[in-house]
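Residue numbers (my numbering), protein chains in the order written: chain A, 1 to 312; chain U, 1001 to 1334.
All C-beta atoms, glycine included, are put in the ideal place defined by N, C-alpha and C.
Here the structure is a predicted model, which means the values were calculated and not measured.
The next block holds one structure in the form of C-alpha cells; read it before the comments.
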Amino acid sequence: MWAYVGRRLLLAIPTLVGASIIVFAMVHLAPGDPMSAVMPVDASQADIEAARRAYGFDQPLPVQYFRWLVRVVQGDLGKSIATRRPVLQDVYDALKNSLVLALSASLLSFGIGIGLGLLAAFRQGRVLDKLMSAVAIVGVSVPHYWAGIILIIFFSVQLNWLPAMGASAEGGAVEYLRHMALPTIALALIPLGVLTRVVRSAALDILAQEFVLALRAKGLGRAAVFAHVVKNAAPQILTVLGLQFGFQLGGSVLVETVFSWPGTGYLMNLAIFQRDLPVLQGVILVLATFFVLLNLAVDLMQTLVDPRIARH
Amino acid sequence: MSLLSVRDLRVEFDTRDGLVRALNGVTFELDKGLVLALLGESGSGKSVTLRAILGLHPPSHTRISGEVLLKDRDVNRLDEVERRAIRGRVASLVFQEPITALDPVYTIGDQIVETLVRHRGLAPADARRRARELIDLVQVPAPERMLRSYPHEISGGMRQRGMIAIALACEPELLLADEPTTALDVTVQAQILWLLRDLQRRLGLAVVFVTHDLGVAAEIADEAAVMYAGRIVEQAPIGELFARPAHPYTEGLMQATVRRGQRGIPLVPIPGAPPNLAALPAGCAFAARCRLVREECRTTLPPLYQVRDGHVARCHLVPERFGASPIPKAASVA
C-alpha cells in the first residue's frame, strides 16, 4: 500500500514537468507578439527591442523555459504585462472564485448525477430509466454558455430574480450566493449529464455480475445489495468525479465569461485577448498542477475502496 | 413429507430470439439428508432448476409455472420478502465459479458475517465468532487469515471453501450446488468433493448437486436425474443408473465418459448438439441425435416409463427393451 502511494507520488513529478513544458511551448508557439499589446503604437523599434530584452524575450526558448521554471518553482509567476501586478496574486484571487464555483457546481451535479444514475440502473429498461437517460443526454449536449445565456434571459432579465453578472464581495454571504446561483447551474449541466451516464453504466456492469445473484441467493435485501453495488462501482465513479471536478475548475472559460465571474476562466480569457503571456502561463500551470494532484488524490482514494488496485 | 418437492416446473424466458423454454415440466422430490445429482450437458436446465428453487429468476421476463414446495411452502407463490427469508436460511446456493460469485471488494469474513446478521440478527462480535467456526468447519488451515482475505488473495480451492462457509452459515437444510468443483484444479476438485460429502453426512444436509460429470455424481449422490432440453429424461438410484441406463441419452453420456479400465476402448461422443430451446421439436427432444430413433419419437413426446422400482425413463423404447409399461402421470414421481 505505502509503496504504491510512493510510486504514484514519484510519477506525479514527470507529469508536472511535462505539463510545464507544454504550457510554456503552447504559449510561445502561438502567433502574435506580446509586445505589440503593451507598447504604445508610436514606440520606436529601439524601445520595443529594449522592452523585449527587459522581459527576456530575446533569449532562446530553452533558456527562457529554464529561467521561467526556476522562478515558478520559487513561487514567482512573473508580472502581468497588462496590469503589472504579480501573476501569482491574480491567479490566487481568480482560483478562489473558481474553486467556490467548481465546488458548488460539483456538489450539485455529483449529488444529482450519482442519484439519477443509480436510480436509472436499478430501474433499467423502465420509464424512469429512459427519463433519466434523456436528462443525461440533454445535460451533455447543451452548450453551457448557451444554457448560461438562457438562464440570464429567463431568471435575470424576465423574472429579475437573480443577478446576471459578477461576484459580489459587498452585500455579505446572501448576495454572494445569489450571484453564484446561475453560473453554478450552468456549470453543473455537463458534469450532471456525464455522471448520470457513467454511474448508470458502471452500476449496470456490476449488477450483471454473478456475485449480485449470489448476494440475493443468500437472502440479502435490496438495501444490502445496493450497498455492494455502490462499493463495487465506486472506483470507476471516483475517476470520473476527479476529472469532472478538474474540468469545472479550469474548463469554465465560457461560463465565467458569460457571467463575468472573476475566476480562472475569466482571467484566462482576458489574458488571451490582451496577449498577457505570463498570466496565461500562470493560470494554465496552476490549473494543470491542480489537475495532476486531483488525479493523484483520486488514485489514492480508489485504493481505499478497492483492495485489488494496489496490487497492480 | 419431502423437504423439496418440485412439480411440473416450467420456466420460460422472453428473449429477443423468442420464447426460450428452459424447463418443460420438471418433477422430482428430495428427502432430508439425501443427495440428488442433476446430470446433463450445458443448457439442459440444471442451473435454471436450482435458481427456480430459490425463486431467483427475474420476474420481468420470466414465466414460471408449476410448484416448488420447500418445506411444504410453494416458492412460486411467495412474495419477494418471504423468499428472502428462505434464501440462505432454508436453502443455500453454491456457485460454480467462486471468483465471480464472491464480491471482490469485501473480505471473506465480511461476506460470512453479513449473512449471519441478515438471518440470525447476530451482534457483529458474535457473528465474527460464528464465522470463525464456519471457517474451521470447511477445513481451512489459516482461518484468521482467511477471514481477513479478499477473494483475489486466496486460491480457487480456498475461495470455494469460503463460498461453502457462506452457504452453510445459517444452517440450511438444503444445499443447492451448481457444479461446485468444475472450475477447480483436478486435485482440488477431489478435496472439495470430499469436503461436501463429509459436511453433507455430518450435518444431515439434503443436496441437489448439479454436474455434467458422471464420476462426480457417482462419488456423492444417492440418486441421479438426467436432464435433457429442460426435462428429466431418466431418474434412478445412482447404482441402478450406472448398472442399467435405460435412456439412449444416458447411455451416450456414459460412453462419452472416461471410466476405469477404459484403456483400449474408444470414447464414443454423442453426435449433434442439444436442440434450440426456442424451437423445441414436437416429439422427443433427443430424437435428432438418437441412434435408436423411430418415427413415433419425432412426433410424440414419450411418457415416463418405469424400468424398475424407483427407476423411470422417458423413452418410447423402454417397454420393448426392458419390458416395462408406462406409469400414470400422477405417480410419475420417482
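- In the structure shown, residue 1018/U falls within a strand segment according to DSSP collapsed to helix, strand and coil.
- The CB of residue 299/A never comes closer than 9 Å to any CB in chain U; the least such distance is about 16 Å.
- At least one C-beta of chain U is nearer than 9 Å to the C-beta of residue 221/A.
- Taking one beta carbon from each stretch, the region 1074-1091 of chain U and the region 1256-1263 of chain U have fewer than 3 pairs nearer than 8 Å; the two do not touch.
- Around the beta carbon of residue 1292/U, fewer than 16 other beta carbons lie within 10 angstroms, which makes this residue exposed.
- Proximity of the region 102-109 of chain A to the region 291-299 of chain A falls short of the contact definition, fewer than three beta-carbon pairs being nearer than 8 Å.
- Neighbours of residue 307/A in chain U, taken as residues whose beta carbon is under 7 Å from its own, are 1105 and 1150 in chain order.
- The contact set of residue 232/A on chain U, defined by CB atoms closer than 8 Å, consists of 1103, 1104 and 1105 in chain order.
- In the same chain as residue 125/A, and ignoring 5 residues on each side of it, no C-beta atom comes closer than 7 Å to its own.
- Counting the other CB atoms within 10 Å of its CB gives residue 261/A a total of 16 or more, which places it among the buried residues.
- Secondary structure of residue 1155/U (DSSP, three-state): coil.
- Checking the DSSP bridge columns, you'll see residue 1028/U partnered with 1006/U.
- By DSSP's assignment, residue 1311/U forms a beta bridge with 1308/U.
- The residues 167, 261, 262 and 263, in chain order, have a CB closer than 7 Å to that of residue 97/A in the same chain once the five nearest residues on each side in sequence are set aside.
- Counting only Cβ-Cβ distances below 7 Å, residue 211/A has contacts in chain U at 1100, 1101, 1102 and 1103, in chain order.
- Against residue 200/A, chain U offers no close residue; the least beta-carbon distance is about 18 Å (beta-carbon pairs closer than 7 Å).
- For the options 218/A, 172/A, 253/A and 93/A, the alpha carbon positioned closest to that of residue 145/A is the one of 253/A.
- Short of 7 Å from the beta carbon of residue 1270/U, and not among the five residues preceding or following it, lie these beta carbons of its own chain, in chain order: 1252, 1256 and 1289.
- For residue 1124/U and residue 121/A, the gap between their C-alpha atoms comes out near 31 Å.
- Looking at the backbone, the Cα of residue 1017/U and that of residue 1279/U are separated by about 10 Å.
- Nearest CB-CB separation between residue 1159/U and chain A: not below the 9 Å threshold.
- In this structure, DSSP gives residue 1073/U an extended state, which the three-state scheme calls strand.
- Taking a Cβ-Cβ cut-off of 9 Å, residue 1057/U has no neighbours in chain A, whose nearest Cβ is about 10 Å from it.
- The beta-carbon distance between residue 1055/U and residue 1078/U, rounded to whole angstroms, is 7 Å. This is short enough to meet the 8 Å contact definition.
- At a cut-off of 9 Å, the C-beta of residue 119/A has no neighbouring C-beta in chain U.
- Classified as exposed, residue 1152/U has fewer than 16 neighbouring CB atoms from the shown chains inside 10 Å of its CB.
- Of the residues assessed, residue 242/A falls on the buried side of the cut-off, its CB having 16 or more other CB atoms within 10 angstroms.
- For residue 1246/U, the number of other beta carbons within 10 angstroms of its own is at least 16, and it is reported as buried.
- Here residue 45/A is exposed: its Cβ has fewer than 16 other Cβ atoms, across all protein chains shown, within 10 Å.
- At least 9 Å separates the beta-carbon of residue 1094/U from that of residue 1183/U.
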